[in-house]
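Chemist: Per the working numbering, residue 5 is the first one in the sequence shown, and the count goes up by one each step. Mind having a look at this structure? Questions to follow.
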Amino acid sequence: MNFAIVGCGVIAETHGKALKMLEAEGCKLYAVCDIVQEKAEKFAEKYGVGVIYYDDESVMQDSNIDVICVCVPSGTHGLICKMAAQAGKHIICEKPMEINEQKMAEITNVVEKSGIKMQCVFQRRLMPTAQAVKQLICENKLGKICLAEAQLKYYRDQAYYDSAGWRGTWKQDGGGALMNQGVHGVDLIFWMLDKEIDTLYGKAETLARKIEVEDTATALIQMKDRSLCVIQSATTAYPGFSTTFSVYGEKGTVIFNDSGILEWTFIDKENQPPRPEGNIEIGGSKSNIDITIDGHIILLRDLKEAIIQNRAPMIPPQDAQLAVKVICSIYQSSKTGKVIQF
Ligand SMILES: NC(=O)c1ccc[n+]([C@@H]2O[C@H](COP(=O)([O-])OP(=O)(O)OC[C@H]3O[C@@H](n4cnc5c(N)ncnc54)[C@H](O)[C@@H]3O)[C@@H](O)[C@H]2O)c1
5 MNFAIVGCGV IAETHGKALK MLEAEGCKLY AVCDIVQEKA EKFAEKYGVG VIYYDDESVM
65 QDSNIDVICV CVPSGTHGLI CKMAAQAGKH IICEKPMEIN EQKMAEITNV VEKSGIKMQC
125 VFQRRLMPTA QAVKQLICEN KLGKICLAEA QLKYYRDQAY YDSAGWRGTW KQDGGGALMN
185 QGVHGVDLIF WMLDKEIDTL YGKAETLARK IEVEDTATAL IQMKDRSLCV IQSATTAYPG
245 FSTTFSVYGE KGTVIFNDSG ILEWTFIDKE NQPPRPEGNI EIGGSKSNID ITIDGHIILL
305 RDLKEAIIQN RAPMIPPQDA QLAVKVICSI YQSSKTGKVI QF
């Protein structure tokens, strides 16, 4: 299966390395594309890729390409995804799928009509602990969950925002600490909880960086069952902390971060569910260049198998939209000072 990476920047490296690992399983990094010629050429040389494009139309016309890895700035994901789907190419799209509800709906529409497979990247969902917590919640092992927290305290200095023109802009980043970095954790907490949101109140501020979007934000979210969830998100928390998720239930509490479990406590000590084994480190809290490839390998492999087996991939576009909708509502709440009915 031939893959083409569109957008040869930071996250393209993760796709490039993951595809190298999957070469023996039949995934080939066949082509690369970047509108900046030098970036495309440097990347192609590093990964030994012979086919290089400098415009998106030409990639889509290459009939040898089966899958497009969408690694362009967030506000351009929709454009590339729609072109790919219309050209009959399968897609793996970086997070966030797009930066607002309308653009996500447009992608989903085109993907559904064209019948291609699309995988969205939310690699934290692949962490064994996150999967175990989702299962615990689903089986009611934590009892009634009254409170949950996602602490998403990243550090990105001004040089990070200055490193590419689209970073920290409303038009292409779609937001800041929440939409770029925090979107992973917002996705994860609601994916695990699997509860419907009722209302939310948020504050998003630009306190320390020279950017249009927020560098620090918090939100209080109430679920339809009246339980509460708190989100704290920042790129101003030096030196950047492992993202931490807490789920407090009447029969048990689980707290974990990217490195492992911090609390695994149940009222029924005799029948305590076993701790999940293994972990995949995700990285990214201190810098945008320390993101690991483990999650991407799983998502790329799953997409390949979904194409062969003609089934839905693990994270189809229909299942990747909630976090962006929540974040847009937090921005709306912060702007208006009002509680938003979700
Ligand atoms: N999954 C993760 O953990 C993770 C981590 C980092 C970034 N990302 C996401 O990946 C995306 C890219 O981020 P990045 O940090 O790699 O950005 P980047 O600026 O380093 O790279 C983007 C590249 O896309 C190129 N580009 C722009 N428009 C293009 C077009 N129309 N066609 C072809 N190339 C084009 C740019 O020239 C640049 O080289 C963002 O959506 C970001 O949110 C995901």
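Note that beta-carbon positions come from the ideal geometry of N, C-alpha and C, so glycine has one too. Please read these numbers as outputs of a predicted model, since none were measured by experiment.
From the DSSP secondary-structure annotation, give me the bridge partner or partners of residue 7.
Modeler: Bridge partners of residue 7: 33 and 71.
Chemist: Within the same chain, show all residues whose beta-carbon is closer than 8 Å to that of residue 343, passing over the 5 residues directly before and after it, in chain order.
Modeler: Taken in chain order, the residues that qualify are 203, 204, 205 and 337.
Chemist: On a Cα-Cα basis, can you pick out the residue from 269, 124, 271 and 245 that is closest to residue 261?
Modeler: For residue 261, the nearest C-alpha among the options comes from 245.
Chemist: Using 6 Å as the cut-off, classify the Cβ of residue 98 as near or not near the heavy atoms of ligand 1, replying yes or no.
Modeler: Under cutoff, so the answer is yes.
Chemist: At 3 residues or longer, and completely inside the region 87-148: list those beta strand (DSSP E) runs for me, N to C.
Modeler: Whole beta strand (DSSP E) segments, 3+ residues: 94-97 and 122-124.
Chemist: Report yes if the C-beta of residue 66 is less than 6 Å from at least one heavy atom of ligand 1; otherwise report no.
Modeler: No; taking the cut-off as 6 Å, the Cβ of residue 66 has no heavy atom of ligand 1 nearer than that.
Chemist: Which of helix, strand or coil does DSSP assign to residue 20?
Modeler: Here residue 20 sits in helix by DSSP.
Chemist: What I want to know is whether the C-beta of residue 107 ends up closer than 6 Å to one or more non-hydrogen atoms of ligand 1.
Modeler: Incorrect: residue 107 has no Cβ contact closer than 6 Å to ligand 1.
Chemist: Whole-angstrom Cβ separation of residue 123 and residue 319, contact assumed at under 8 Å?
Modeler: That pair is a contact at about 6 Å.
Chemist: Counting Cβ pairs, one atom from each stretch, are 3 or more of them under 8 Å apart for the region 125-133 and the region 223-239?
Modeler: With a cut-off of 8 Å, the region 223-239 and the region 125-133 do not count as touching, because too few Cβ pairs lie within range.
Chemist: Could you please give the first and the last residue of the uninterrupted alpha helix (DSSP H) stretch that includes residue 196?
Modeler: Run containing residue 196: 187-197, per the alpha helix (DSSP H) assignment.
Chemist: Which of helix, strand or coil does DSSP assign to residue 225?
Modeler: Three-state DSSP puts residue 225 in a strand.
Chemist: Looking at C-beta atoms only, is the number of pairs between the region 66-73 and the region 6-15 that lie closer than 8 Å three or more?
Modeler: Short answer: they touch.
Chemist: Is residue 49 helix, strand or coil when you go by DSSP?
Modeler: The answer is helix: DSSP assigns residue 49 an H, G or I state.
Chemist: Using a Cβ distance threshold of 8 Å, determine whether the region 294-313 contacts the region 260-278, with at least three qualifying pairs required.
Modeler: The region 294-313, when compared against the region 260-278, does not touch it at the 8 Å Cβ threshold.
Chemist: How would you write the range of the alpha helix (DSSP H) that residue 259 sits in, first residue to last?
Modeler: From DSSP, residue 259 is part of no alpha helix (DSSP H) but of the beta strand (DSSP E) over 256-261.
Chemist: Determine which residues share a DSSP beta bridge with residue 204 and list them.
Modeler: Per DSSP, 225 and 344.
Chemist: Ligand 1 heavy atoms versus the CB of residue 85: any closer than 6 Å?
Modeler: Incorrect: residue 85 has no Cβ contact closer than 6 Å to ligand 1.
Chemist: Quick check: the region 275-286 against the region 147-155, are at least 3 beta-carbon pairs closer than 8 Å?
Modeler: These segments do not touch.
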